[in-house]
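J.: Just dropping this structure here.
There are 2 protein chains.
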Amino acid sequence: MNDDDVTVGPLSGPRPGQRAGTPGAGGGEPTGSEEAGRGVPDATVARLPQYLRALTVLAERGTETVSSEALAAAAGVGSAKLRKDLSHLGSYGTRGVGYEVARLVQQISEHLGLTQRWSVVIIGIGNLGHALAGYGGFASRGFGVVGLFDDSPAVVGKRVNGLVVRPLAQFEAAVADERPTIAVLAVPAAVAQRVCDRVVATGVSSVLNFAPVVLQVPEGVHVRKVDLASELQILAFHEQRRAALARAARLVPGAAPAGRGTSGEPEAAAVAGVVR
Amino acid sequence: MNDDDVTVGPLSGPRPGQRAGTPGAGGGEPTGSEEAGRGVPDATVARLPQYLRALTVLAERGTETVSSEALAAAAGVGSAKLRKDLSHLGSYGTRGVGYEVARLVQQISEHLGLTQRWSVVIIGIGNLGHALAGYGGFASRGFGVVGLFDDSPAVVGKRVNGLVVRPLAQFEAAVADERPTIAVLAVPAAVAQRVCDRVVATGVSSVLNFAPVVLQVPEGVHVRKVDLASELQILAFHEQRRAALARAARLVPGAAPAGRGTSGEPEAAAVAGVVR
DNA sequence: TAGATTGTTAATCGATTAACAATC
DNA sequence: TAGATTGTTAATCGATTAACAATC
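Protein chains in written order, with the UniProt record's numbering: chain A, 1 to 276; chain B, 1 to 276.
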């Protein structure tokens, strides 16, 4: 689960500390008249795009029906988890048979809100923003980039992927026109909060943040963070632990519990002079 | 928690289905002679970079000591969670006082393995790979990009951020020379698995994958995935749910249970200015 | 000593997993 | 009917949270 998802639900009940996005599964309050999909767990939501992608691949290959076992393998999860996840959407399988690929694609797409087109603006057209503006994966999945903004004279006015980069000063007016739902922030950390404040003030309620800062937003605004350096740091942690374990194993060879495999570890050299 | 982390631990005990990265907290097997940091939970590890960043900001401002309350606020988490997380590292605070910023920076850096320099190669120098190659956030956090590879004649030979893009054919030889620990994959989905296989075959044991596919890797190789389109899809899910709730609220206005605040749908409120 | 704040405990919550009854 | 596979239940596990005793 990517719990960088700083989300506060629209119900905004004043009970302090209630984290929405996981609405009161316990209480009463039917919340309305929806049938299912009311209380899809965050962890499940985060996996739906994966399932959808696996299903799309299957559909392209002409597969019409798939078992939870096979789909789970394609998506890299366990079949029990997959079935549980799908059951939250209402369960569209047939016992003894499996899931109809086309139907499931449709259902997941609807649940993810992909049956409509969402408009996206990108703010900050540096290296990364430029790449995002040109990323084919957005358009192909129903996200339309409708605006590019930056404040640097070096890029304003340039054409990127068919759009002209506009100065940030025009942002508010553009939003009033184009009504994007999602803003992608690819600006430097130092200005990210200020830009975010402006974005939120215009009514945009979802933000994808690439700046390495924790954005403060009012209730009701969703922020997801992609932090590239953090990803490397997390990998580094595991490498470091691996190296530490390998060192320990060399020092206390008898302590090795079992099945250590090719017990020499690849990074031994790189580690040669490190901590502890 | 970012549980895209497909990780298999170095202990590789043959017990089937055991997910490592969360080593047997229950069992016996002391795993060696390390003091602490043995069993840092994945969720905690994923937050350490956040803490480190917040601390760095504090350090730059000249702050010498910080309370869990203040640091937690800066990192966007609760103070209890922060203290619990830090306690997994061994706890370096002083009751009644707080944490010494410099000391904590040092401790977290060591735990993340950032006291050494990790070498990174980037494979796939399209839009995204190009941006990653130029991303300052890597170098500034101790990750050195030592190689860029691609197979397209359009980019091979070009100089990006001081490095010449080499053909993928030279990859194996280069790895033997430069011994990178981490490979970043920014290649098209269609070839990602094949490229990954080559990467893993050279002994690289950590992969950061930007291709929208689930990579199959042998035990002991860490893969983390960054999926840009998925991030947007998850945001779309929440927007879609928000819209559905708003619709339900309009149709059954009396059904609003309590504390609905400005019961109009959040979209409207957000547009008018900032919510709540 | 009095005030502050950590580190830890215990309760709670959400997510995962295995197993199996329901049912195609 | 026999075989297959879903949808759900119940057990387990890991993560979060609040509260507070320890202690600076």
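Cβ atoms here follow ideal geometry from the backbone N, Cα and C, with glycine treated the same way.
Throw me the rounded Cβ distance for the Ala236/B and Gly113/A pair, which I believe falls under 8 Å.
T.: That belief holds up - the Cβ atoms of Ala236/B and Gly113/A are roughly 4 Å apart, short of 8 Å.
J.: Excluding the 5 residues preceding and the 5 following Val221/B in the sequence, name in chain order all residues of the same chain whose CB lies nearer than 6 Å to its CB.
T.: Val200, Ser205, listed in sequence order.
J.: How about Val226/A and Glu231/B: do their beta carbons lie closer than 9 Å?
T.: Cβ distance < 9 Å, so Val226/A and Glu231/B count as in contact.
J.: Evaluate residue 347/B with the Cβ neighbour count: other Cβ atoms within 10 Å of its Cβ, from every protein chain shown; 16 or more gives buried, anything less gives exposed.
T.: Any answer about residue 347/B is impossible in this case: the structure gives chain B only from 1 up to 276.
J.: Whole angstroms are fine: how far does the CA of Pro212/A sit from the CA of Gln193/A?
T.: If you take the alpha carbons of Gln193/A and Pro212/A, they lie about 11 Å apart.
J.: Determine the closest residue to Arg241/A out of Val195/B, Pro167/B, His111/B, Arg224/B, with distance taken between C-alpha atoms.
T.: Measuring from the Cα of Arg241/A, the nearest candidate turns out to be His111/B.
J.: Would you report the Cα separation of Leu215/A and Lys158/A, rounded to the nearest angstrom?
T.: The alpha-carbon atoms of Leu215/A and Lys158/A are separated by roughly 29 Å.
J.: Beta carbons nearer than 9 Å to chain A: which residues of the segment 188-217 of chain B have them?
T.: Taking 9 Å as the Cβ-Cβ cut-off against chain A, the residues of the segment 188-217 of chain B that qualify are Ala189, Gly203, Val204, Ser205, Ser206, Val207, Leu208, Pro212, Val213, Val214, Leu215, Gln216.
J.: From the DSSP output, read off the bridge partner residues of Glu100/B.
T.: Glu100/B pairs with Thr65/B.
J.: Name the residue from Val97/A, Gly203/A, Lys81/A whose alpha carbon lies nearest to the alpha carbon of Asp177/A.
T.: Nearest C-alpha to Asp177/A: Gly203/A.
J.: Among the candidates Val175/B, Glu172/B, Gly62/B, Leu185/B, whose CA atom is the shortest distance from the CA of Tyr132/B?
T.: Per the sequence shown, residue 132/B should be read as Leu rather than Tyr. Closest option to Leu132/B, Cα to Cα, is Leu185/B.
J.: Starting from the beta carbon of Val226/A, find every residue of chain B whose beta carbon is closer than 8 Å, and list them in chain order.
T.: Within chain B, the residues near Val226/A are Val226, Leu228, Glu231.
J.: Hey, is the segment 81-94 of chain A in contact with the segment 38-49 of chain A, meaning 3+ C-beta pairs nearer than 8 Å?
T.: Because the criterion of three Cβ pairs below 8 Å is met, the segment 81-94 of chain A and the segment 38-49 of chain A touch.
J.: With C-beta atoms as the reference, is Ser119/B less than 9 Å away from Val77/B?
T.: Cβ atoms of Ser119/B and Val77/B: not closer than 9 Å.
J.: Which residues does DSSP pair with Pro167/B in a beta bridge?
T.: Its beta-bridge partners are Asp150/B.
J.: Under a CB-based cut-off of 9 Å, is Glu69/B close to chain A?
T.: False, the Cβ-Cβ gap to chain A never drops below 9 Å.
J.: Which residues of the segment 43-60 of chain A have a Cβ closer than 8 Å to any Cβ of chain B? Give them in chain order.
T.: For the segment 43-60 of chain A, which is checked against every Cβ of chain B, the residues closer than 8 Å are Ala43, Val45, Ala46, Leu48, Pro49, Gln50, Leu52, Arg53, Ala54.
J.: Does Val101/A come within less than 9 Å of chain B when only Cβ atoms are used?
T.: So no, Val101/A is outside the interface.
J.: Could you tell me the boundaries of the alpha helix (DSSP H) in which Leu245/A lies?
T.: Here the alpha helix (DSSP H) through Leu245/A covers 228-251.
J.: Does any residue of chain A bring its CB to less than 9 Å from the CB of Ile234/B?
T.: Yes, contact with chain A.
J.: Residues of chain B with CB closer than 7 Å to the CB of Ile182/A, please, in chain order.
T.: Those within 7 Å of Ile182/A in chain B are Leu232, Leu235.
J.: Is Ala173/A close to chain B, meaning its C-beta is less than 9 Å from at least one C-beta of that chain?
T.: It does not: the Cβ of Ala173/A has no partner Cβ on chain B nearer than 9 Å.
J.: Determine the direct distance from the alpha carbon of Val160/A to that of Ala80/A, and round the result to whole angstroms.
T.: About 44 Å.
J.: In whole angstroms, what is the alpha-carbon distance linking Val164/A and Gly147/A?
T.: Using only the alpha carbons, I get a separation of about 8 Å.
J.: Beta carbon of Leu55/B, beta carbon of Val105/B: below 9 Å?
T.: Cβ distance < 9 Å, so Leu55/B and Val105/B count as in contact.
J.: Check whether the Cβ atoms of Glu239/B and Thr181/A sit closer than 9 Å, and answer yes or no.
T.: Yes.
J.: Looking only at its own chain, which residues have a Cβ that is under 7 Å from the Cβ of Asp151/A, when we skip the five neighbours before and after it?
T.: The residues are Pro167, Leu168.
J.: Using the beta-carbon count (16 or more within 10 Å), is Gly190/B buried or exposed?
T.: Per the sequence presented here, residue 190/B reads as Ala, with Gly not at that position. Counting Cβ neighbours within 10 Å, Ala190/B comes out exposed, since fewer than 16 surround it.
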